[in-house]
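S.K.: What the sequence shown shows, in full-length UniProt numbering, is residues 1 to 194, in sequence order. Even glycine gets a Cβ: it sits at the ideal position worked out from N, Cα and C.
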Amino acid sequence: MNEEFECIAVLSEHEGDVKFVKWNNINGEHSFLSCSYDDTLRIWRQDDYDEDEFNCVGIIRFECTVWSATWIDEDTVACSTDGGQVLMYERASHPSSSDGLPSTVKKVEEWKISPSFKVANHNGPVYSIVSKKGVLVSVGSDGVITKMEKKEGEWRVSGDKKLGHGVREINGVAITNEGVIVTCGDDGVVRIWR
Numbered sequence: 001m002n003e004e005f006e007c008i009a010v011l012s013e014h015e016g017d018v019k020f021v022k023w024n025n026i027n028g029e030h031s032f033l034s035c036s037y038d039d040t041l042r043i044w045r046q047d048d049y050d051e052d053e054f055n056c057v058g059i060i061r062f063e064c065t066v067w068s069a070t071w072i073d074e075d076t077v078a079c080s081t082d083g084g085q086v087l088m089y090e091r092a093s094h095p096s097s098s099d100g101l102p103s104t105v106k107k108v109e110e111w112k113i114s115p116s117f118k119v120a121n122h123n124g125p126v127y128s129i130v131s132k133k134g135v136l137v138s139v140g141s142d143g144v145i146t147k148m149e150k151k152e153g154e155w156r157v158s159g160d161k162k163l164g165h166g167v168r169e170i171n172g173v174a175i176t177n178e179g180v181i182v183t184c185g186d187d188g189v190v191r192i193w194r
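#1: Quick check on Ile43: buried or exposed, where buried means 16 or more other Cβ atoms within 10 Å of its Cβ?
#2: Grouping DSSP H, G and I as helix and E and B as strand, with all else coil, what is Asn171?
#3: Could you please give me the residues that DSSP links to Val135 through a beta bridge?
#4: Using the C-alpha atoms, what's the distance from Glu13 back to Ser128?
#5: Just to confirm, are Thr37 and Gly16 a CB contact at a threshold of 8 Å?
#6: Sort Cys7, Phe54, Trp67 by Cα distance to Phe32 and report the nearest one.
#7: Enumerate in chain order the residues of its own chain whose CB-to-CB distance from residue 270 is below 7 Å, with the five nearest sequence positions on each side excluded.
#8: Compute the Euclidean distance between the alpha carbons of Gly151 and Gly84, then round it to the nearest angstrom.
#9: Would you mind working out which of His122, Asp52, Cys79 sits nearest Thr65, comparing C-alpha positions?
#10: What does a CB cutoff of less than 8 Å around Val157 pick up in its chain, not counting 5 residues either side in sequence?
#11: Applying the 10 Å Cβ sphere with the 16-neighbour rule, what's the burial state of Lys133?
#12: Suppose you measure from the CA of Gly185 to the CA of Leu87; what does that come to, to the nearest Å?
#13: Can you tell me whether DSSP reads Asn123 as helix, strand or coil?
#14: Flag this pair as yes or no: are the beta carbons of His165 and Thr176 separated by less than 8 Å?
#15: Taking C-beta to C-beta, are Asp48 and Ala9 nearer than 8 Å?
Put into structure tokens, the structure is as follows:
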């Protein structure tokens, strides 16, 4: 990379190590999620008046580390925790962007647990979660790859693979537009699944 780039913002609201960030790539919205050892998932949005400023507009609190999160759509996020849970939240309020208030006094969004999603449990921390085209995949310390799909308005487990990396933990997961799943684990390999 020949061009230099500069830091345009430092966001220091978390009170512990930040473990994961995820941009919203839906509808060109400039927002992202951050997950932390401070037991929170935070939702950030670009300021309406200053493109170099991002504001924390939502905080979802837990009783354990939040390892990963993903956008389902612009009003729904899923996250994974150290407690072995995969949870889904829906935005319950939409602050008006035309309220004329400076960014320091913007309203905070309210997020509530999704009624269409039953908690998917792993036996141990869930390190990574990803969503693409109505499919949600989670992996974690139990070595299980869990695939969930939304059918008839409800999310259901559509498949799981135990010992996906032998007896080792699975640290990360990605999914292509075609539904190919890629995982990486403590066994030192990357595995591709159809």
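M.R.: Inspection of the coordinates gives the following:
#1: Around the beta carbon of Ile43, a 10 Å sphere encloses 16 or more other beta carbons of the protein chains shown; the residue is thus reported as buried.
#2: strand
#3: Lys132, Glu149
#4: 22 Å
#5: Note on identity: in this sequence residue 37 is Tyr, with Thr being the wrong assignment. In contact: Tyr37 and Gly16 (Cβ atoms closer than 8 Å).
#6: Phe54
#7: Any answer about residue 270 is impossible in this case: the structure gives the chain only from 1 up to 194.
#8: The question names Gly, but residue 151 is Lys in the sequence shown. If you take the alpha carbons of Lys151 and Gly84, they lie about 24 Å apart.
#9: Cys79
#10: Ala120, Thr146, Lys147, Met148
#11: exposed
#12: 22 Å
#13: coil
#14: no
#15: no
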